[in-house]
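Enquirer: Please find one structure pasted underneath; my questions will follow.
In the working numbering, the protein residues as written are 22 to 415.
Printed below as a string of structure tokens:
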């Protein structure tokens with residue numbers, strides 16, 4: 022399925038309506054993020070996108086203008102060497118502007134102010150992220166394919182890559198290689214500033230318990246303090262290890278998230294199996310409640326209240342490292358809205374897509390648990406990534 026001009030026109034029309042309702046005094050939306058520019062125009066360049074109150078989109082491109090002209094399906098496309106070029110086309114006064122603040126470098130906003138007149142009123146970030154949370158048929162088409170491929174990778178291919186003595190970093194690179202062969206786009210994108218991974222996490226045993234700046238359950242020793250995410254070169258697979266593979270599979274910009282846990286050489290311990298069974302049951306419980314109108318914060322509080330004190334030990338991470346969510350939206354970024362956590366009180370809408378990831382840290386072993394990507398439907402969450410499963414013995 023290909024992206025169409027009609028779809029992009031509808032996205033911009035909805036955006037204009039939301040801006041009119043939320044920020045009635047707005048005149049211009051100034052969008053710095055390449056991902057957001059792609060969402061509206063169909064091309065991802067070094068550029069600046071301006072959408073005015075009339076709903077007209079203007080993409081000013083530093084590089085590559087030629088590629089932008091051939092790819093952009095919506096909006097006027099202009100070459101740009103400096104911000105003065107914007108004034109030459111649209112005039113020097115942008116009026117009241119809103120920006121995607123997380124993606125807008127301060128220096129760029131400052132330079133914009135030297136060439137153009139405007140009054141910076143605030144951020145449109147949350148509004149646009151909420152709009153992007155509801156997926157179109159085009160977006161779902163690629164998410165479903167990505168989900169199918171991630172399930173194929175983790176259930177049919179990854180077990181064959183495990184062999185005694187392989188280093189964690191070599192295993193990581195072999196998983197990444199197989200992902201690209203299957204069609205993975207080769208890059209994973211986050212909304213959160215500074216978040217970065219290559220493909221996800223591939224951890225042997227207790228290495229998954231290492232604390233990390235990455236806001237997730239799984240950590241990693243990494244190769245050095247400068248690279249605390251990618252597999253460790255001095256950690257080697259041995260009989261009895263738990264192997265956790267938590268990967269993000271992306272196609273045409275759209276990400277799915279899935280985790281599978283394996284036991285290498287011997288069955289997992291009873292303690293690990295019990296923790297894993299709890300996570301499977303919790304994932305099923307959350308998935309059943311992914312219906313239009315459900316409240317994410319209510320789902321979160323209900324699940325947490327049903328856990329015993331024993332269940333809570335290591336749930337979603339060890340001690341102070343534990344994270345306070347059960348799932349998150351996915352799409353053009355891995356970390357989309359909404360989040361299944363406290364504070365997210367807006368009702369779910371049909372065609373939102375979530376990664377649901379109950380996991381439990383088990384000292385002495387590693388991390389048990391699951392993660393899969395689900396589509397919100399009136400019948401409950403429809404799994405796009407094959408569904409949670411028992412620990413796979415290799």
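Virtual Cβ for every residue (Gly too), placed ideally from N, Cα, C. All figures in this text were calculated on a predicted structure; none of them were measured in a lab.
In angstroms, rounded to a whole number, what distance separates the CA positions of residue 299 and residue 60?
Expert: For the purposes of this step, residue 299 is taken as residue 278 along the chain shown, with counting starting at 1. For the purposes of this step, residue 60 is taken as residue 39 along the chain shown, with counting starting at 1. Residue 299 and residue 60: Cα-Cα distance of roughly 38 Å.
Enquirer: Taking the alpha-carbon positions, what's the residue 56 to residue 104 distance?
Expert: Working through the chain shown from its first residue, we reach residue 56 at position 35. Working through the chain shown from its first residue, we reach residue 104 at position 83. Roughly 20 Å separates the two Cα atoms.
Enquirer: Just to confirm, is the Cβ distance from residue 219 to residue 199 under 9 Å?
Expert: Here residue 219 refers to the residue found at position 198 when the chain shown is read from its first residue. Here residue 199 refers to the residue found at position 178 when the chain shown is read from its first residue. For residue 219 and residue 199, no; Cβs fall outside 9 Å.
Enquirer: Going residue by residue through the segment 101-137, where are the continuous beta strand (DSSP E) segments of at least 3 residues, counting only ones entirely within it?
Expert: 114-120
Enquirer: Kindly give me the distance between the Cβ atoms of residue 188 and residue 124, rounded to whole angstroms, as I take these residues to be in contact under 8 Å.
Expert: Position 167 of the chain shown, counted from the first residue, corresponds to residue 188. Position 103 of the chain shown, counted from the first residue, corresponds to residue 124. Their Cβ separation, rounded to whole angstroms, is 36 Å, which puts residue 188 and residue 124 out of contact at 8 Å.
Enquirer: Across which residues does DSSP place residue 67 in a beta bridge pair?
Expert: Numbered from its first residue, the chain shown carries residue 67 at position 46. Bridge partners of residue 67: 84.
Enquirer: Since I believe residue 284 is in contact with residue 263 (beta carbons under 8 Å), could you give me their beta-carbon distance rounded to a whole number of angstroms?
Expert: Looking up residue 263 in the chain shown gives position 242. Looking up residue 284 in the chain shown gives position 263. The beta carbons of residue 263 and residue 284 sit about 6 Å from each other, so the pair counts as a contact at 8 Å.
Enquirer: In the structure shown, what three-state DSSP assignment does residue 354 receive?
Expert: As a working note, residue 354 is residue 333 in the chain shown. DSSP places residue 354 in coil when its eight states are reduced to three.
Enquirer: Residue 316 lies in the alpha helix (DSSP H); which residues open and close that run?
Expert: To locate residue 316, count along the chain shown from 1; it is residue 295. Where residue 316 is concerned, there is no enclosing alpha helix (DSSP H), given that its DSSP letter is neither H nor E.
Enquirer: Determine the DSSP secondary structure at residue 183, reduced to helix, strand or coil.
Expert: Counting from 1 along the chain shown, the entry for residue 183 is found at position 162. Here DSSP, grouped into helix, strand and coil, assigns residue 183 to coil.
Enquirer: Would you tell me roughly how many angstroms separate the C-alpha atoms of residue 110 and residue 98, rounded to the nearest one?
Expert: Translated into positions along the chain shown, residue 110 becomes position 89. Translated into positions along the chain shown, residue 98 becomes position 77. Each residue's Cα considered, the two are about 11 Å apart.
Enquirer: Per DSSP, what kind of secondary structure is residue 156 in: helix, strand or coil?
Expert: Taking the first residue of the chain shown as position 1, residue 156 is located at position 135. Of the three classes helix, strand and coil, the one that applies to residue 156 here is coil, per DSSP.
Enquirer: Please state the DSSP three-state secondary structure of residue 151.
Expert: Position 130 of the chain shown, counted from the first residue, corresponds to residue 151. Correct three-state label for residue 151: helix.
Enquirer: Ordered along the chain, which non-local residues of its own chain (more than five positions away) have a Cβ less than 6 Å from that of residue 140?
Expert: Position 119 of the chain shown, counting from 1, holds the residue named residue 140. Excluding residues within five positions, the ones whose Cβ falls inside 6 Å are 117.
Enquirer: Using the Cβ count rule (16 or more neighbours within 10 Å means buried), how would you classify residue 40?
Expert: As a working note, residue 40 is residue 19 in the chain shown. By the C-beta density criterion, residue 40 is buried, having at least 16 other C-beta atoms within 10 angstroms.
Enquirer: May I ask which residues mark the beginning and end of the beta strand (DSSP E) holding residue 60?
Expert: The residue you call residue 60 lines up with position 39 of the chain shown. Careful: residue 60 lies outside any beta strand (DSSP E), inside the alpha helix (DSSP H) at 55-62.
Enquirer: Is it buried or exposed, residue 340, if we count other Cβ atoms within 10 angstroms and call 16 or more buried?
Expert: The residue labelled residue 340 in the question sits at position 319 within the chain shown. Exposed, since its Cβ has fewer than 16 Cβ neighbours within 10 Å.
Enquirer: Grouping DSSP H, G and I as helix and E and B as strand, with all else coil, what is residue 77?
Expert: As a first step, residue 77 must be located in the chain shown, where it is residue number 56. Residue 77: coil per DSSP, three-state reduction.
Enquirer: Do residue 275 and residue 163 have their CB atoms nearer than 9 Å?
Expert: Walking along the chain shown from the start, residue 275 turns up at place 254. Walking along the chain shown from the start, residue 163 turns up at place 142. In this structure, residue 163 lies closer than 9 Å to residue 275 by Cβ.
Enquirer: Determine, using beta carbons only, whether residue 227 and residue 414 come nearer to each other than 9 Å.
Expert: Residue numbering aside, residue 227 sits at position 206 when the chain shown is read from its first letter. Residue numbering aside, residue 414 sits at position 393 when the chain shown is read from its first letter. Against a cut-off of 9 Å, the Cβ pair of residue 414 and residue 227 comes out as no contact.
Enquirer: By the DSSP assignment, the alpha helix (DSSP H) with residue 332 in it spans what residues?
Expert: One-based indexing of the chain shown puts residue 332 at position 311. Unbroken alpha helix (DSSP H) run through residue 332: 330-333.
Enquirer: Straight-line CA distance for residue 381 to residue 316?
Expert: Translated into the one-based positions of the chain shown, residue 381 becomes position 360. Translated into the one-based positions of the chain shown, residue 316 becomes position 295. Whole-angstrom Cα-Cα distance: 24 Å.
Enquirer: Just to confirm the assignment, what range does the beta strand (DSSP E) spanning residue 376 have?
Expert: Residue numbering aside, residue 376 sits at position 355 when the chain shown is read from its first letter. Note, residue 376: beta strand (DSSP E), 374-377.
Enquirer: Roughly how many angstroms separate the alpha carbons of residue 356 and residue 71, rounded to a whole number?
Expert: For the purposes of this step, residue 356 is taken as the residue at position 335 of the chain shown. For the purposes of this step, residue 71 is taken as the residue at position 50 of the chain shown. Those two C-alpha atoms are separated by around 24 Å.
Enquirer: Tell me residue 24's beta-bridge partners as DSSP assigns them.
Expert: Along the chain shown, read from residue 1 onward, the residue named residue 24 stands at position 3. Residue 24 pairs with nothing; no bridge assigned.
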